[in-house]
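Peer 1: For reference, the structure I am asking about is given below.
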Amino acid sequence: MSDQSPEPFRYDAQVDPGEKRQFRYEVGETYLGDPVEIPVTIINGQHAGPRVFLTAGIHGDELNGVKVLQEVAARFSPAEVHGTLVCLHVVNVPGFQTQQRDIPIYDQDLNRSFPGREGSNTAGRMAHQVYSRFIQQCDLGIDFHTSTRNRTTMFHVRADTSAPEVQRLAEAFGANVVLAGAGDVGSLRTVATADGIPTITVEMGKAHRFQRPLIDRGNVGVENVLAEYDVLPEATVAEPAWRKVLGGDQEKRWLRADTGGLVEMEWGPTPLVHEGDSICTVSDHFSTEEHIVEAPFTGILVGVLENPVALPGHPLCHLARIDTETHTEIEAEIDRGEFDGYRAFGLRWMGDGEEAE
Ligand SMILES: [Zn+2]
Numbered sequence: 005m006s007d008q009s010p011e012p013f014r015y016d017a018q019v020d021p022g023e024k025r026q027f028r029y030e031v032g033e034t035y036l037g038d039p040v041e042i043p044v045t046i047i048n049g050q051h052a053g054p055r056v057f058l059t060a061g062i063h064g065d066e067l068n069g070v071k072v073l074q075e076v077a078a079r080f081s082p083a084e085v086h087g088t089l090v091c092l093h094v095v096n097v098p099g100f101q102t103q104q105r106d107i108p109i110y111d112q113d114l115n116r117s118f119p120g121r122e123g124s125n126t127a128g129r130m131a132h133q134v135y136s137r138f139i140q141q142c143d144l145g146i147d148f149h150t151s152t153r154n155r156t157t158m159f160h161v162r163a164d165t166s167a168p169e170v171q172r173l174a175e176a177f178g179a180n181v182v183l184a185g186a187g188d189v190g191s192l193r194t195v196a197t198a199d200g201i202p203t204i205t206v207e208m209g210k211a212h213r214f215q216r217p218l219i220d221r222g223n224v225g226v227e228n229v230l231a232e233y234d235v236l237p238e239a240t241v242a243e244p245a246w247r248k249v250l251g252g253d254q255e256k257r258w259l260r261a262d263t264g265g266l267v268e269m270e271w272g273p274t275p276l277v278h279e280g281d282s283i284c285t286v287s288d289h290f291s292t293e294e295h296i297v298e299a300p301f302t303g304i305l306v307g308v309l310e311n312p313v314a315l316p317g318h319p320l321c322h323l324a325r326i327d328t329e330t331h332t333e334i335e336a337e338i339d340r341g342e343f344d345g346y347r348a349f350g351l352r353w354m355g356d357g358e359e360a361e
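Letter by letter, the sequence shown follows residues 5 to 361 in the numbering used here.
As structure tokens, this is what we get:
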């Protein structure tokens, strides 16, 4: 890449090599006829290289990634960048304004609406603007999410690792846990990946919060990716101490409540649970009945319920099976204090539920 000359980044205007531009891009209108505008940062490097998109707030109440993008957009300058960074700071602006996941009023999920099209419904039109103007011009991308409210999940990456270029991207990001799979129809990652733009989803923390340890990890992940693709040729990829790619349903399972009632979490202080361990109890209000939910196999808790009430069928926790080698690595990390305060600290690794991407 370095022997090529850098090119302008074109949307319906252009950002020249060596230019950093921060602006708002109109993707719709309010009831008042005012523009709905996405905050955008484009950093076009002085040197040629890949074009990387970063998106956050496709679900309007998922905020940790919004903070990551604010920091990434402020940190890098065209002088050091080989390629282009395209940051869409808050994609679902209407949902962000009302602090909810979906586009308000008709509850359309923007992350099931890609690539969108002209003449479609509100979500489809917004998706079309975003996808055709910015995403299609890029070579790879990272889409930041958190949990749906009332739940929380371990910091992890979701990626269709059956494609080698996606696997490279997922590995470079450097999360300990990668959930492998194609993703939902109409999600940005599924559509972009199928379009030849390798894309991963990062799940980090809960909705409605800035969680500093997770935001720091998100920043490290972005820098790892930029290092891997020589967008930042001076940087190096920081390898995680352990890595687990989880594929089929054999390896991960949502444990669900069979009775309604009050939920008391019993697991901890680390997310490592052994077969037969009590993960939580579900009790009735008179304390006459108590159901203990045990780990069906040894694994790590990738996601747990936070709101301490349940109905039959509610997901209580998402357990991922681990092999002996990973078990040994995690135990070594526990000995080194990596998980100190894990539960008390508001589940510092935790992000999203299974269907929340
Ligand atoms: Zn989400």
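Glycine included, C-beta positions come from ideal geometry on N, C-alpha and C.
Determine the extent of the beta strand (DSSP E) in which Thr45 is found, giving its start and end residues.
Peer 2: For the purposes of this step, residue 45 is identified with residue 41 of the sequence shown, where counting begins at 1. DSSP places Thr45 in the uninterrupted beta strand (DSSP E) bounded by 39 to 48.
Peer 1: Return the first residue and the last residue of the alpha helix (DSSP H) that Met130 is part of.
Peer 2: Here residue 130 corresponds to residue number 126 of the sequence shown, with the count starting at 1. Element bounds for Met130: 126 to 137.
Peer 1: Classify Asn68 as buried or exposed, calling it buried when 16 or more other Cβ atoms lie within 10 Å of its own Cβ.
Peer 2: To locate residue 68, count along the sequence shown from 1; it is residue 64. The residue in question, Asn68, is buried, as its Cβ has 16 or more Cβ neighbours within 10 Å.
Peer 1: Which of the three DSSP states is assigned to Val229 in this structure?
Peer 2: Your numbering for residue 229 matches position 225 in the sequence shown. Three-state DSSP puts Val229 in a helix.
Peer 1: Based on Cα-Cα distance, which residue from Ile146, Ser166, Cys142 lies nearest to Thr59?
Peer 2: In the sequence shown, residue 59 corresponds to position 55, counting from 1. For Thr59, the nearest C-alpha among the options comes from Ile146.
Peer 1: Who does Glu30 pair with in a DSSP beta bridge?
Peer 2: For the purposes of this step, residue 30 is taken as the residue at position 26 of the sequence shown. BP columns for Glu30 point to Glu41.
Peer 1: Where does Pro1 land, buried or exposed, given buried means 16+ other C-beta within 10 angstroms?
Peer 2: Because the chain spans 5 through 361 in this model, residue 1 falls outside it and cannot be assessed.
Peer 1: Can you round the beta-carbon distance between Ile62 and Asn115 to whole angstroms, since I take them to be within the 8 Å contact cut?
Peer 2: Sequence index remark: in the sequence shown, residue 62 carries index 58 (1-based). Sequence index remark: in the sequence shown, residue 115 carries index 111 (1-based). Their Cβ separation, rounded to whole angstroms, is 5 Å, which keeps Ile62 and Asn115 in contact under 8 Å.
Peer 1: What does DSSP give as the partner residue(s) for His160 in the beta ladder?
Peer 2: Position 156 of the sequence shown, counted from the first residue, corresponds to residue 160. In the DSSP output, where bridge partners are listed per residue, His160 has Val181, Glu207.
Peer 1: Distance check for Ile47 and Pro82, CA to CA, integer angstroms please.
Peer 2: Locating residue 82 in the sequence shown gives position 78, where the first residue counts as 1. Locating residue 47 in the sequence shown gives position 43, where the first residue counts as 1. Answer to the nearest angstrom: the Cα atoms are 6 Å apart.
Peer 1: Could you have a look at Asp143 and say whether DSSP puts it in helix, strand or coil?
Peer 2: For the purposes of this step, residue 143 is identified with residue 139 of the sequence shown, where counting begins at 1. Looking at Asp143 - three-state DSSP - the assignment turns out to be coil, as it is neither helix nor strand.
Peer 1: Tell me, please, which residues DSSP counts as bridged to Lys248.
Peer 2: In the sequence shown, counting from the first residue as 1, residue 248 sits at position 244. Residue pairing from DSSP places Lys248 in a beta bridge opposite Val181.
Peer 1: Is any heavy atom in ligand 1 found nearer than 6 Å to the beta carbon of Glu30?
Peer 2: Residue 30 sits at position 26 when you count from the first residue of the sequence shown. Result no, Cβ not under 6 Å from ligand 1.
Peer 1: Below 6 Å, is the gap between the Cβ of Glu66 and the nearest heavy atom of ligand 1?
Peer 2: Sequence index remark: in the sequence shown, residue 66 carries index 62 (1-based). At least one heavy atom of ligand 1 is nearer than 6 Å to the Cβ of Glu66, so yes.
Peer 1: So for Leu114, helix, strand or coil by DSSP?
Peer 2: Start at 1 with the first residue of the sequence shown, and residue 114 comes out as number 110. If DSSP states are grouped into helix, strand and coil, Leu114 belongs with the helices.
Peer 1: Roughly how many angstroms separate the alpha carbons of Pro300 and Phe138, rounded to a whole number?
Peer 2: In the sequence shown, counting from the first residue as 1, residue 300 sits at position 296. In the sequence shown, counting from the first residue as 1, residue 138 sits at position 134. Answer to the nearest angstrom: the Cα atoms are 45 Å apart.
Peer 1: Flag His4 as yes when its Cβ comes closer than 6 Å to any non-hydrogen atom of ligand 1, and as no otherwise.
Peer 2: Missing from the structure shown is residue 4; the chain here goes from 5 to 361 and no further.
Peer 1: Among Gln141, Ile107, Asp143, Val235, which residue has its Cα nearest to the Cα of Gly128?
Peer 2: As a first step, residue 128 must be located in the sequence shown, where it is residue number 124. With distances taken between Cα atoms, Gly128 lies closest to Ile107.
Peer 1: Is the closest heavy atom of ligand 1 to the C-beta of His63 under 6 Å?
Peer 2: For the purposes of this step, residue 63 is identified with residue 59 of the sequence shown, where counting begins at 1. For ligand 1, at least one heavy atom lies less than 6 Å from the Cβ of His63.
Peer 1: Taking the straight line between their C-alpha atoms, what separation do you get for Ser117 and Phe290?
Peer 2: Position 113 of the sequence shown holds residue 117. Position 286 of the sequence shown holds residue 290. Going by the C-alpha atoms only, they are around 46 Å apart.
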